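First up is the structure itself, then whatever we jot down about it.
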Amino acid sequence: MAQQTALADMIADGADKSDRAVVRDALGVGVAVGLSGFAFGVTSAGSGLGLLQTCALSLLVFTGASQFALVGALAAGGSPFTAAAGAFFLGVRNAFYGLRLSQLLDLPRGVRPFAAQWVIDETTAVTLAQPTRRARRIGFTVTGLTLYALWNLTTLLGALGAKAIGDTRAWGLDAAGPAVFLALLAPMLRTATERAVAGLAVLLGLGLLPVLPAGVPVLVAALAAPIALVAEGRRRPRGPQGEPVSGPNGGAAAEEDR
């Protein structure tokens, strides 16, 4: 009986340590990324948006890449329509994140509408890195809460301090948000197709930047995914009926061997 009690205590201690580790990692991501909200606040104010407009974007939109794309396009002289369209297409990825996270987290129905606000790159990355549902829920909640609170606070501080800082382009603060986004995205590009999509999107976005209105190159860059997928499909070997086959040897036997 004493041995069973000791074993139960050891298991409980291990679970506590695991929870603490998840909280530590989630706080690290939330704090590190949340501080870049200051850069967004400064950039948004520098693009001509008011304090309430800037804070509303962080409170209601809450996805850094889309927010930076919107204010960046406005600052470059783009129309509100193209700026909003570019931000929208960047934010669509969060819907696909939500499809996956809804299965992993299995949250109560009443909580899901509120949790949807926190479905972004950082919470998704932390959640997917956890081995159990309990750890995933902890990681998602702590990351989302920390990042949401800190992002909105630093957005407010950045917008208030924009006048004191001056030209955001001289400080390079307008590049802080995209840099954080790229740092999170780069480790997720594991296959040749994913790297091809990213590379083609960069080429389309940067190449068309001098010739298209602000905000439009981001929309055109979205074509990188279907172009790369079509090219990959044409390179795949095909079976007797013309259907594409997978596997290192291009046949069904390879699938059975694995």
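Sequence positions in the sequence shown follow numbering that gives the first Met the number 0 and run 0 to 257.
Every residue, glycine too, gets a C-beta built ideally from N, C-alpha and C.
Quick caveat: nothing in here was measured; it's all calculated off a predicted structure.
In the structure shown, what three-state DSSP assignment does residue i receive?
i      : result
Gln52  : helix
Gln102 : helix
Thr62  : coil
Pro209 : coil
Asp18  : helix
Ala124 : helix
Ile119 : coil
Leu144 : helix
Gly198 : helix
Gly160 : coil
Gly36  : helix
Val110 : coil
So which of the options has the shortest CA-CA distance to residue i?
i      : options                           : result
Ala38  : Val28, Ala20, Gly71 and Leu59     : Gly71
Ala44  : Leu159, Val229, Leu205 and Val201 : Leu159
Ala128 : Glu231, Ala94, Leu59 and Val28    : Val28
Ala220 : Val229, Leu144, Gly204 and Gly232 : Gly204
Leu48  : Ala74, Gly143 and Gln116          : Ala74
Ala195 : Leu104, Leu51 and Pro225          : Pro225
Thr131 : Thr190, Ala83, Leu51 and Leu104   : Leu104
Leu50  : Ala161, Arg189, Thr142 and Arg234 : Ala161
Val22  : Leu211, Val110 and Arg133         : Arg133
Val201 : Glu231, Val30 and Ala223          : Ala223
Pro212 : Pro79, Glu231 and Leu106          : Pro79
Val30  : Glu231, Val210 and Gly143         : Gly143
Glu231 : Thr190, Pro209 and Pro186         : Thr190
Ala20  : Gly63, Gly36, Val141 and Pro186   : Val141
Between which residues of its own chain and residue i is the CB-CB distance below 7 Å, once the five residues before and five after are set aside?
i      : result
Asp18  : Ile137
Val118 : Asn93, Tyr96, Gly97 and Leu100
Thr53  : Gly40, Ser43, Ala44, Thr154 and Ala158
Using a Cβ-Cβ cut-off of 8 Å (strictly less than) and excluding sequence neighbours within five positions of residue i, which residues of its own chain qualify?
i      : result
Val215 : Gly77, Thr81, Gly85 and Leu207
Val217 : Ala68, Ala72, Gly85, Phe88, Leu89 and Gly204
Ala227 : Thr192, Ala195, Val196 and Leu199
Leu34  : Leu149 and Thr153
Ser46  : Val70, Gly71, Leu73 and Ala74
Arg111 : Ser101
Let's test the definition: count the other Cβ atoms within 10 Å of the Cβ of residue i and tell me whether it reaches 16, buried, or not, exposed.
i      : result
Arg135 : buried
Gln66  : buried
Phe61  : buried
Gly157 : buried
Thr154 : buried
Val125 : buried
Ala25  : buried
Thr123 : buried
Val91  : exposed
Ala114 : buried
Gly36  : buried
Ala185 : exposed
Gly63  : buried
Query raised in the report: Using 8 Å as the threshold, is the segment 141-152 in touch with the segment 50-63, meaning 3 or more CB pairs across them?
Result: yes
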